[in-house]
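Scroll down for the structure; my scribbles are underneath it.
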Amino acid sequence: MASEDSRDWWIADQSYFDLYLHPVIGVRQLSQSLLPAIVELASDAKWRVRLGIIEYMPLLAGQLGPEFFDEKLSSLCMSWLTDHVFAIREAATNNLKKLVEKFGREWAQNTVIPKVIQLARDQNYLYRMTCLFAINILAEPCGQEITQRMMLPTVITLASDPVANVRFNVAKTLQRIYPVLDTSALAMHVKPCLEKLNQDADHDVQYFANEAYEILPKA
0 MASEDSRDWW IADQSYFDLY LHPVIGVRQL SQSLLPAIVE LASDAKWRVR LGIIEYMPLL
60 AGQLGPEFFD EKLSSLCMSW LTDHVFAIRE AATNNLKKLV EKFGREWAQN TVIPKVIQLA
120 RDQNYLYRMT CLFAINILAE PCGQEITQRM MLPTVITLAS DPVANVRFNV AKTLQRIYPV
180 LDTSALAMHV KPCLEKLNQD ADHDVQYFAN EAYEILPKA
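Position one of the sequence shown corresponds to residue 0 (numbering that gives the first Met the number 0), numbered consecutively onward.
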């Protein structure tokens, strides 16, 4: 187990990871020498240590490739989406975008998006909001077809969430992702959803729904 001193040292000198992530290091050596430390530090009590590990994931993914990454680290990346610290959840969503850009859309729809969508059913409203934040980030790299087929239905469903903060973040998400969607999706799903939210009992929900609706194409 890594000592407190070693964790503090790692925060101060991340060249330790830079050394092992050098391109000449093979996957087997990387797995044996580095992954055990990553797994341990990924759940460290200090959130800044966890944040540092997240920041190295895209580089590590490039070394391992998608199959080995899925086997060893994919579940770890998804677990950060439900971290109790907001900064970690935020970094985790940005990390997913970089991984999708590296591994491609097929990998995203098979590995990432199903787990992101599961968060929409979590009892903790903060994690339901994290689902929306992840969709905000993933829509562009995933593209129109995947966004409309896999993610948009979840966003629309969350418009009926009992928590107002979730509902107004639905409006924000629709405002964020609408450029990725086609005109049919806007007319059939996005506009009716925002019209419904514009009649919400909560004034903040109304405000963000109206703001999102106003920027949509009028045709």
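Note that the Cβ used here is the ideal one computed from N, Cα and C, for glycine as well.
All figures in this text were calculated on a predicted structure; none of them were measured in a lab.
Item                                                                                                                         : Value
Asp43 to Ala86 span [Cα, whole Å]                                                                                            : 15 Å
Local Cβ density within 10 Å of Asp82, reported as buried at 16 or more and exposed below that                               : buried
Between the CA atoms of Cys192 and Arg175 - distance to the nearest angstrom                                                 : 14 Å
Opening and closing residue of the alpha helix (DSSP H) in which Arg148 lies                                                 : Careful: Arg148 lies outside any alpha helix (DSSP H) and carries neither H nor E.
Selection from Val99, Asn109, Arg88, Asp160 that minimises the alpha carbon distance to Gln122                               : Asp160
Spatial distance of Glu100 from Pro140 (CA atoms)                                                                            : 6 Å
Tyr206: first and last residue of the uninterrupted alpha helix (DSSP H) it sits in                                          : 202-214
Collapsed DSSP secondary structure at Pro191 in the structure displayed                                                      : helix
Distance between beta carbons of Thr129 and Arg88, contact taken as under 8 Å                                                : 5 Å
Cβ-based burial, Val189 [other Cβ within 10 Å; buried from 16]                                                               : buried
Among Ala200, Pro57, Gly142, the one whose alpha carbon lies nearest that of Asn164                                          : Ala200
Chain-order list of residues whose beta-carbon lies under 7 Å from that of Tyr124 (same chain, five-residue window excluded) : Val162, Asn164, Val165
Counted within 10 angstroms of its Cβ, other Cβ atoms place Arg47 as buried (16 or more) or exposed                          : exposed
Contact set for Ala107: own chain, Cβ-Cβ below 6 Å, skip 5 residues either direction                                         : Val99, Cys141
Rounded separation between Thr110 and Ala184 - CA only                                                                       : 25 Å
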